[in-house]
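Asks: This structure is in C-alpha cells; I'll ask about it shortly.
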Amino acid sequence: MTTAESDCLFCKIAAGQVPAEIVRDGERVLAFRDINPQAPTHILVIPREHHPDVASAARAETGLVDEIVAEAHALAEEEGIAGTGYRLVFNTGSGAGQTVFHLHCHLLGGRGMEWPPG
Ligand code: AMP
Ligand code: ZN
Numbered sequence: 068m069t070t071a072e073s074d075c076l077f078c079k080i081a082a083g084q085v086p087a088e089i090v091r092d093g094e095r096v097l098a099f100r101d102i103n104p105q106a107p108t109h110i111l112v113i114p115r116e117h118h119p120d121v122a123s124a125a126r127a128e129t130g131l132v133d134e135i136v137a138e139a140h141a142l143a144e145e146e147g148i149a150g151t152g153y154r155l156v157f158n159t160g161s162g163a164g165q166t167v168f169h170l171h172c173h174l175l176g177g178r179g180m181e182w183p184p185g
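With the working numbering applied, the sequence shown corresponds to residues 68 to 185, in that order.
Written out as C-alpha cells, the structure reads:
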C-alpha cells in the first residue's frame, strides 16, 4: 500500500479496517451507506483499487467506471428508486465538493431532486 492509500478512508473501509454499512461486497467494487445521508437512499459505490477520482480511473481504462455505474443502477433497482429516477454524482476536485480523494459514486434517490444542484 502506498502512503496515499494507507491514509485513505475508503481504502480502509474496503480493507475492513473502518466499519461501514456495506450493501455490496464485490470482487472489484463495493458499496456502503453514506454516513451523512442527503436523501432517503444515499449509497457510495467505490472500487477496491485506489483512484483519486473518476477521471483518473477512466483514463487508466480499468473498466471500473462502467462497473460502478452498473452496480449503482442495480442498487437503485433494489432500493426501489430506479423507476422514479435517481441521481449519480462524482464530485471531482475540492471546488466541486470532493472531500474523500478515492473515487466514489454517490447514488441518491427516494426524494425529488432539484436542478441546478447546490
Ligand atoms: P465527497 O464530498 O463527494 O468526497 O463525498 C464523501 C462522502 O463520504 C460524504 O458524503 C460523506 O458523508 C461520506 N463519508 C465520510 N466518511 C464516511 C464513512 N466513514 N462512512 C460512510 N460515508 C462516509
Ligand atoms: Zn483509497
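Using N, Cα and C, we set each Cβ at its ideal position, and we do this for glycine too.
1. May I ask you to check if the CB of Ala122 is nearer than 7 Å to at least one heavy atom of the ligand AMP?
2. Assuming Thr159 and Asp133 form a contact by the criterion Cβ under 8 Å, report the distance between their Cβ atoms to the nearest whole angstrom.
3. Report whether the distance from the Cβ of Thr166 to the nearest heavy atom of the ligand AMP is below 7 Å.
4. Under the assumption that Ala106 contacts Gly152 (Cβ atoms under 8 Å), give the Cβ distance between them as a whole number of angstroms.
5. I'd like the list of long-range same chain contacts for His118, defined as Cβ closer than 6 Å, with 5 residues on each side in sequence excluded.
6. Where do the ends of the beta strand (DSSP E) carrying His173 lie?
7. Relative to the ligand ZN, what is the chain-ordered list of residues with a Cβ closer than 6 Å to any of its non-hydrogen atoms?
8. Kindly indicate the opening and closing residues of the alpha helix (DSSP H) around Ile102.
9. If you compare alpha carbons, which of Ala143, Arg91, Asn103 and Ile102 is closest to Arg115?
10. Can you look up Arg91 in the DSSP assignment and give me helix, strand or coil?
Replies: Looking at the atomic coordinates:
1. It does not: the Cβ of Ala122 is nowhere closer than 7 Å to a heavy atom of the ligand AMP.
2. Wrong, their Cβ atoms sit about 17 Å apart, outside the cutoff.
3. Remark: the shortest separation between the CB of Thr166 and any heavy atom of the ligand AMP falls under 7 Å.
4. A Cβ-Cβ distance of about 12 Å is found for the pair Ala106 and Gly152, leaving them out of contact under the 8 Å criterion.
5. For His118, same chain residues with a beta-carbon under 6 Å away, outside a window of 5 residues either side, are Ala124 and Leu170 in chain order.
6. Start and end: Cys172 to Gly176.
7. Ordered along the chain, the selected set is Glu72, Cys75, Phe77, Cys78, His117 and His169.
8. Bounds of any alpha helix (DSSP H) do not take in Ile102, whose DSSP letter is neither H nor E.
9. Per the C-alpha coordinates, the member of Ala143, Arg91, Asn103 and Ile102 positioned closest to Arg115 is Arg91.
10. In this structure, Arg91 counts as strand in the three-state DSSP scheme.
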